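From first to last, the protein sequence lines stand for chains E and R.
Under my numbering, the first residue of the first sequence is numbered 3, with each subsequent residue one higher.
Under my numbering, the first residue of the second sequence is numbered 3, with each subsequent residue one higher.
The C-beta atom is built at its ideal place from N, Cα and C for all residues, glycine as well.
Model, not experiment: these values are computed from the prediction.
In what follows, a structure is listed as structure tokens, so that the remarks can point back to it.
There are 2 protein chains.
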Amino acid sequence: MKPKFAIGVDLGATTVKTGLVSSSGKILYQNKLPTNGHLGPSAVIQQIELSVRDAMVHADGKKPAGIGIGAPGVVDDEGVVKWPPNMKRWNEVPLAREVKKIFRRYQIKVENDANAAAIAESKFGAGRKFPDFLFVIWGTGVGGGIILDHKIYRGPSGGAGEIGHISINYEGPKCNCGNYGCVESYVGQRYLSQRTAERLKDQPESMIAQLVGGDFTKLEPMYIAQAAQQGDRLAREMLAEAATLLGVALAGVMNTMDLRVSIIGGGISAAGGFVLQAVEESVRSRVLTPLRRDIKVLQAQLGNNAGILGAAGLVL
Amino acid sequence: MKPKFAIGVDLGATTVKTGLVSSSGKILYQNKLPTNGHLGPSAVIQQIELSVRDAMVHADGKKPAGIGIGAPGVVDDEGVVKWPPNMKRWNEVPLAREVKKIFRRYQIKVENDANAAAIAESKFGAGRKFPDFLFVIWGTGVGGGIILDHKIYRGPSGGAGEIGHISINYEGPKCNCGNYGCVESYVGQRYLSQRTAERLKDQPESMIAQLVGGDFTKLEPMYIAQAAQQGDRLAREMLAEAATLLGVALAGVMNTMDLRVSIIGGGISAAGGFVLQAVEESVRSRVLTPLRRDIKVLQAQLGNNAGILGAAGLVL
Chain E
3 MKPKFAIGVD
13 LGATTVKTGL
23 VSSSGKILYQ
33 NKLPTNGHLG
43 PSAVIQQIEL
53 SVRDAMVHAD
63 GKKPAGIGIG
73 APGVVDDEGV
83 VKWPPNMKRW
93 NEVPLAREVK
103 KIFRRYQIKV
113 ENDANAAAIA
123 ESKFGAGRKF
133 PDFLFVIWGT
143 GVGGGIILDH
153 KIYRGPSGGA
163 GEIGHISINY
173 EGPKCNCGNY
183 GCVESYVGQR
193 YLSQRTAERL
203 KDQPESMIAQ
213 LVGGDFTKLE
223 PMYIAQAAQQ
233 GDRLAREMLA
243 EAATLLGVAL
253 AGVMNTMDLR
263 VSIIGGGISA
273 AGGFVLQAVE
283 ESVRSRVLTP
293 LRRDIKVLQA
303 QLGNNAGILG
313 AAGLVL
Chain R
3 MKPKFAIGVD
13 LGATTVKTGL
23 VSSSGKILYQ
33 NKLPTNGHLG
43 PSAVIQQIEL
53 SVRDAMVHAD
63 GKKPAGIGIG
73 APGVVDDEGV
83 VKWPPNMKRW
93 NEVPLAREVK
103 KIFRRYQIKV
113 ENDANAAAIA
123 ESKFGAGRKF
133 PDFLFVIWGT
143 GVGGGIILDH
153 KIYRGPSGGA
163 GEIGHISINY
173 EGPKCNCGNY
183 GCVESYVGQR
193 YLSQRTAERL
203 KDQPESMIAQ
213 LVGGDFTKLE
223 PMYIAQAAQQ
233 GDRLAREMLA
243 EAATLLGVAL
253 AGVMNTMDLR
263 VSIIGGGISA
273 AGGFVLQAVE
283 ESVRSRVLTP
293 LRRDIKVLQA
303 QLGNNAGILG
313 AAGLVL
């Protein structure tokens, strides 16, 4: 009998979250451990081992379909994880091979975390109905994954979906990546908060100032969203502006790849339908005519579970 | 025995060019007729019929592998040609079906013209060595086609590759397409000529002014390129600027799709290696680090024959 569940590992910069996931996308059990990324690759692999063994204890002795891992950085076709940010002494680690050494009886698959989340939305979330879509993570940074014909498009070396460094203004500010005017440097969490803080100096009456108790270093898009929902003018302006700018980049991707649907997850997308609607209006007004009618910008449905679900989805 | 040649039809806005093409990409014979686009679809189909019949006369009674047609506009999976520019009374025409009615014994395939040219470069031209690349037509406008794993990526409805309307400046001038700051509106032939003409007012000593005999309405990128090759400052500035701006859009596509190679055809690309080198430098300086080392911007090799060759390539 075919196994009805798999193990999904969401390897993050600070925590490893591992779950038993049913073939219909239910998380039957999950745990959480520190990643220990500051201790180097073998410490991280040890944490993966611990979390997987713990999850297996809860599998009632049944054998899972395999172990899927979503990891930060670029992941190549052989499951080598390259240059993950915030991991010490980790250039290129053959993670799939290393984990296979520990769990020899199991199928092991490793995928980039944004791609894993895209797969999760495709199999279990907002993307089930759509064979082709762009998944966008809009939070600290801007990242993504591309689903074509219900499958992830990885690109020749596994790096596809990096939409955060599309320039929307060739004369814009220089980004850490070397490019100018990257969409991430306009709408990423940090930049959005910074820009809002600056504007608050001139508009101290904004509700946002109250919500952070006057301490602008506490500013997060969540507060901007709260204020916006209560009609605060500055907050609505800031979010509408960010949504419009994200839409500029998305429209370029829709035109280039002949896509219609964007599914947006990540911290800022949770700010509410109002923001996604503004993204949708921006994309619709900017794409080529044949695409316009069908443009959709939808909220991701799986939130923080997308990582575990997508990782399990790799082997389900 | 498998046929060693096919018929390729390059359906343009003003002329239909049809050729007998060998399986190694040699044009054994070709003809040229007016498209008669102003007379409506059935007149155009009649010209296709005439040109194909003429080509067959030169096939020595052998049966071709089929008839491929490259057409302007969006072409769907069934060979319906939608909204080609500069064709009268042509909204959606099932061109593959109509041509099949005439040539019942033959396999008929229809593809968008930019995609056909991309296929030509992939099978017979500068793209033979590269499984994945972006083909760019840089001429009157900016268009393209995407080759993934040696095959054309058409997108869900056949519209993929429309890179000309990627915005490189969200505050840029409004484009006919409805978007703002489209790369085409900075580097397309007409816009480039217009901007150069404006700058010539302040720099009338530029060699460009001599080349067009003082008549700026005659200005074409060809003259700018000629002047640039002879060291004219304004000409070099204009082309370098355009190359840099094209590179901004290409870098976004490379990042998003995990691509490294761009192959550039069309009028302006013919201006010389100097221009393509400037595009390459721009792309390289703007893409994400993992791609940087492998970035290549190459000149298309097939020139005006790409249309016929790519069309034949559809059935070879």
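For this session: Could you list which residues in chain E have their beta carbon closer than 9 Å to that of Tyr-225/R, in chain order?
Result: By Cβ distance, chain E contributes nothing, its closest Cβ being about 26 Å from Tyr-225/R, past 9 Å.
Exercise. Between Gly-21/R and the ligand MN, is the CB less than 7 Å from at least one heavy atom?
Worked result: You won't find the ligand MN in this model; it holds no ligand whatsoever.
Problem set entry | Beta-bridge pairing of Ala-73/E - partner residues as DSSP gives them | Ala-73/E is bridged by DSSP to Asn-114/E.
For this session: Starting from the beta carbon of Thr-142/E, find every residue of chain R whose beta carbon is closer than 7 Å, and list them in chain order.
Result: Close to Thr-142/E, with beta-carbon spacing below 7 Å, lies no residue of chain R; the smallest spacing is near 17 Å.
Exercise. Should the stretch 154-168 of chain E be called in touch with the stretch 224-244 of chain R, which here means at least 3 C-beta pairs below 8 Å?
Worked result: Contact fails: fewer than three Cβ-Cβ distances are below 8 Å.
Problem set entry | Interfacial residues, the stretch 157-176 of chain R to chain E, with Cβ spacing under 9 Å | So the close ones are Gly-157, Pro-158, Ser-159, Gly-160, Gly-161, Ala-162, Gly-163, Glu-164, Ile-165, Gly-166, His-167, Ile-168, Ser-169, Ile-170, Asn-171, Tyr-172, Glu-173, Gly-174.
Exercise. Shorter than 8 Å from the beta carbon of Gly-129/E to some beta carbon of chain R?
Worked result: No, its Cβ sits nowhere closer than 8 Å to a Cβ of chain R.
Exercise. Do Ala-273/R and Leu-241/R have their CB atoms nearer than 8 Å?
Worked result: Contact: yes.
Exercise. In chain R, what lies closer than 9 Å to Asp-134/E by C-beta?
Worked result: The answer, in chain order, is Gly-157, Pro-158.
For this session: Identify every run of the alpha helix (DSSP H) within the stretch 101-189 of chain E, keeping only runs that are complete inside it and at least 4 residues long; order them along the chain.
Result: Taking 4 residues as the minimum length, the alpha helix (DSSP H) runs contained wholly in the stretch 101-189 of chain E are 115-126, 186-189, in order along the chain.
For this session: Verify the CB distance criterion: does Thr-258/E have a CB-CB separation below 8 Å to chain R?
Result: With respect to chain R, the C-beta atom of Thr-258/E has a partner C-beta closer than 8 Å.
Exercise. Can you list, in chain order, the residues of its chain whose CB lies under 6 Å from that of Pro-324/R, leaving out five sequence neighbours each side?
Worked result: Residue coverage of chain R in this structure runs from 3 to 318, which leaves residue 324/R outside it and unanswerable.
Exercise. In or out: Lys-111/R buried (at least 16 other Cβ within 10 Å) or exposed?
Worked result: Per the 10 Å Cβ criterion, buried.
Exercise. Between the stretch 249-261 of chain E and the stretch 304-313 of chain E, do three or more beta carbon pairs fall short of 8 Å?
Worked result: No: the two stretches stay apart, fewer than three of their Cβ pairs being nearer than 8 Å.
Problem set entry | Trp-353/E, buried or exposed, once every other Cβ within 10 Å from all chains shown has been counted against 16 | Residue 353/E is absent from the model: chain E starts at 3 and stops at 318.
Problem set entry | For Pro-86/E, the first and last residue of its enclosing beta strand (DSSP E) | Premise fails: Pro-86/E is in no beta strand (DSSP E) and is neither H nor E.
Exercise. What residues of chain R sit near Ser-287/E, judged by a beta carbon separation below 9 Å?
Worked result: Residues of chain R passing the Cβ test: Gly-180, Asn-181.
For this session: Using DSSP bridges, identify the partner residues of Asn-2/E.
Result: No statement about residue 2/E is possible, as the shown extent of chain E runs from 3 to 318 and does not include it.
Exercise. Does DSSP put Leu-247/R in a helix, in a strand, or in coil?
Worked result: It is helical.
Exercise. Should Leu-22/R and Leu-30/R be called a contact, given that it needs their Cβ atoms to be closer than 8 Å?
Worked result: Yes, Cβ-Cβ distance for Leu-22/R and Leu-30/R is below 8 Å.
For this session: Return the CA-CA distance between Ala-302/R and Gly-72/R, expressed in angstroms with no decimal places.
Result: Each residue's Cα considered, the two are about 17 Å apart.
For this session: Output, in sequence order along the chain, the residues in the stretch 232-251 of chain R whose CB is closer than 7 Å to any CB in chain E.
Result: Cβ proximity to chain E below 7 Å picks out Leu-247, Val-250 from the stretch 232-251 of chain R.
For this session: On a CA-only basis, which of Ala-98/E, Tyr-188/E, Leu-150/E is nearest His-167/E? Give me that one, please.
Result: The residue from Ala-98/E, Tyr-188/E, Leu-150/E with its alpha-carbon nearest to that of His-167/E is Tyr-188/E.
Problem set entry | Short CB-CB distance (under 8 Å) between Ala-118/E and chain R | No, no contact with chain R.
Exercise. Counting only beta-carbon atoms, is Val-59/E nearer than 8 Å to chain R?
Worked result: It does not: the Cβ of Val-59/E has no partner Cβ on chain R nearer than 8 Å.
Problem set entry | Cβ contact (3+ pairs, closer than 8 Å) linking the stretch 282-293 of chain R and the stretch 175-184 of chain E | Yes: the two stretches touch, three or more of their Cβ pairs being nearer than 8 Å.
Problem set entry | Interface flag, Leu-290/E vs chain R, CB-CB below 8 Å | Closer than 8 Å to some Cβ of chain R, the Cβ of Leu-290/E qualifies, so yes.
Exercise. So what's Glu-207/R in DSSP terms, helix, strand or just coil?
Worked result: Under the three-state reduction of DSSP, Glu-207/R is assigned to coil, being neither helix nor strand.
For this session: Could you say if the stretch 216-230 of chain E and the stretch 116-136 of chain E meet the contact criterion of at least three C-beta pairs nearer than 8 Å?
Result: Result no; under three Cβ-Cβ pairs closer than 8 Å.
Exercise. Counting only beta-carbon atoms, is Leu-261/E nearer than 8 Å to chain R?
Worked result: Interface residue, yes.
Exercise. Are at least three pairs of beta-carbons, each pair with one atom in the stretch 209-220 of chain R and one in the stretch 266-283 of chain R, less than 8 Å apart?
Worked result: No: the two stretches stay apart, fewer than three of their Cβ pairs being nearer than 8 Å.
Exercise. Any residues in the stretch 55-79 of chain E with a beta carbon nearer than 7 Å to a beta carbon of chain R? Which ones, in chain order?
Worked result: If the cut-off is 7 Å between Cβ atoms, the stretch 55-79 of chain E has Val-76 near chain R.
Exercise. DSSP beta-bridge partners for Asp-62/R?
Worked result: Asp-62/R is not bridged to any residue.
Problem set entry | Nearest-angstrom Cα separation, counted from Glu-80/E out to Lys-90/E | So the two alpha carbons sit approximately 22 Å from each other.
For this session: From the DSSP output, in three-state form, read off Gly-216/E for me.
Result: DSSP places Gly-216/E in coil when its eight states are reduced to three.
For this session: Could you tell me whether any Cβ in chain E is nearer than 8 Å to the Cβ of Gly-190/R?
Result: No - not a single Cβ of chain E is within 8 Å of the one on Gly-190/R.
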